[in-house]
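> Input: one structure, supplied below.
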Amino acid sequence: MKRFRRDGVKIKSPAQIDAMKAAGHLSAQALEVVGSLMRPGVSTAELDAAAEKCIVEAGGTPAFKGYGGFPATICASVNDMVVHGIPSPDVILEDGDVVSIDTGAIVDGWVGDNAETFIVGTHDKQHQDLLSTTLAAMWAGIDQAFPGNHLGDIGHAIQKAIEDAGFSVIREYSGHGIGRRMHEPPNVLNYGVPGQGVKLEEGMVIAIEPMAVSGSPRVRTISDGWGVVTCDGKPAAHFERTIAITKDGPLVLTK
Numbered sequence: 227m228k229r230f231r232r233d234g235v236k237i238k239s240p241a242q243i244d245a246m247k248a249a250g251h252l253s254a255q256a257l258e259v260v261g262s263l264m265r266p267g268v269s270t271a272e273l274d275a276a277a278e279k280c281i282v283e284a285g286g287t288p289a290f291k292g293y294g295g296f297p298a299t300i301c302a303s304v305n306d307m308v309v310h311g312i313p314s315p316d317v318i319l320e321d322g323d324v325v326s327i328d329t330g331a332i333v334d335g336w337v338g339d340n341a342e343t344f345i346v347g348t349h350d351k352q353h354q355d356l357l358s359t360t361l362a363a364m365w366a367g368i369d370q371a372f373p374g375n376h377l378g379d380i381g382h383a384i385q386k387a388i389e390d391a392g393f394s395v396i397r398e399y400s401g402h403g404i405g406r407r408m409h410e411p412p413n414v415l416n417y418g419v420p421g422q423g424v425k426l427e428e429g430m431v432i433a434i435e436p437m438a439v440s441g442s443p444r445v446r447t448i449s450d451g452w453g454v455v456t457c458d459g460k461p462a463a464h465f466e467r468t469i470a471i472t473k474d475g476p477l478v479l480t481k
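Have a look at this one:
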C-alpha cells in the first residue's frame with residue numbers, strides 16, 4: 227500500500243513502482259513513435275493521432291486527453307511555445323522548427339509522463355545547444371535523486387547546468403509527483419538551493435522536467451487558455467522523465 231507523508235507526498239511500494247513501469251514504458255514508446263515522424267510537412271495533429279494509436283492499441287489510455295479539459299493526447303509546442311501546445315491540422319512543421327512533445331499514458335490506473343524536444347530537419351547550432359543543455363540539465367537533476375537529498379539539490383543542479391550555459395530557466399512551471407494521478411505533491415522546481423526543500427525518500431516517484439529558453443524567461447498563456455509562449459518569441463526546450471527514488475538512487479520509469 228502507498229504511505230502518505232504529512233506533506234501529502236505518496237510513498238509507493240516496490241510492487242507499485244514495478245506496476246508504474248508499464249505506464250512509463252508506453253509513454254516512452256508513444257514519444258518514440260512521434261519522434262520518428264518529425265519532418266517538414268507533417269502536422270501536429272498527425273503526430274497526435276500517431277501517439278493515440280500507439281497508446282490505445284497497446285491497451286493504455288492517453289493520460290492528457292480530457293485532463294483538465296485538454297483536448298488531445300500529446301502536447302505539441304512549436305518554437306516559442308514552451309508547453310501545452312494543442313495539436314492542430316493547421317500547424318505544419320517546417321524545416322528548422324523546434325518542437326517539444328509531451329506524452330503520457332495510463333496503464334492499470336498508473337500514469338507515465340515524459341517529454342522530448344526535437345529539431346525538424348536542419349539543425350541550427352544555437353537551437354541544438356539549447357536542446358543539448360536542457361537535456362543535460364535534466365540528467366543532472368536526475369543524478370541528485372537519492373534518498374536523503376532534497377528537492378533543492380535537484381533544482382540547483384538543473385538551474386546551474388542551464389544558466390552556466392547562458393540560457394534561462396522557466397520558473398512558472400515545474401516537475402511534479404506522479405502516481406495514480408498525473409500531478410501529485412511535491413512540485414519539483416527547476417531551480418533551488420542545495421539542502422533545502424522536501425527531503426527525498428525511497429518510494430517517491432517524481433517527474434523531472436526542465437524548461438529552458440535562449441532569451442528572456444518571461445512567458446504568457448495564449449488565447450486558447452493552454453499554450454504557453456515566450457514573451458520575446460525566442461524558442462524553448464523541454465525534457466522530462468518519470469523516475470522512482472530507490473535505495474540505490476534514481477530509476478527511470480519512462481524508458
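Numbered according to the numbering used here, the sequence shown spans residues 227 to 481. Think of the CB as a built atom: it goes at the ideal place given N, C-alpha and C, for glycine as much as any other residue.
Assess contact between the segment 357-365 and the segment 263-280, defined as three or more Cβ pairs (one per stretch) separated by less than 8 Å. Is contact present?
When Cβ pairs closer than 8 Å are counted between the two stretches, the segment 357-365 is seen not to touch the segment 263-280, the count staying below three.
> Where Glu427 and Gly374 are concerned, what is the direct C-alpha to C-alpha distance, given to the nearest angstrom?
Inter-residue distance for Glu427 and Gly374 is about 6 Å (C-alpha atoms, whole angstroms).
> Rounded to the nearest angstrom, what separates Pro288 and Glu278 at their Cα positions?
Pro288 and Glu278 have their C-alpha atoms spaced approximately 7 Å apart.
> From this set, His409, Thr447, Gln352, which residue's C-alpha is nearest Ile434's C-alpha?
Distance check between Ile434 and each of His409, Thr447, Gln352 places His409 closest, using alpha-carbon atoms only.
> Where does Asp339 fall in DSSP's three states?
strand
> Going by the DSSP bridge assignment, what does Glu410 pair with across the sheet?
According to DSSP, residue pairing for Glu410 in a beta bridge involves Gly403.
> Just verifying my parser: in three-state terms, what is the DSSP assignment at Glu283?
helix
> Determine the DSSP secondary structure at Asp328, reduced to helix, strand or coil.
strand
> Pick out whichever of Ala341, Val419, Val455, Val337 has its Cα sitting closest to the Cα of Cys301.
Cα-wise, what sits closest to Cys301 is Ala341.
> For Thr329 and Ala248, what's the separation of their Cα atoms in angstroms?
14 Å
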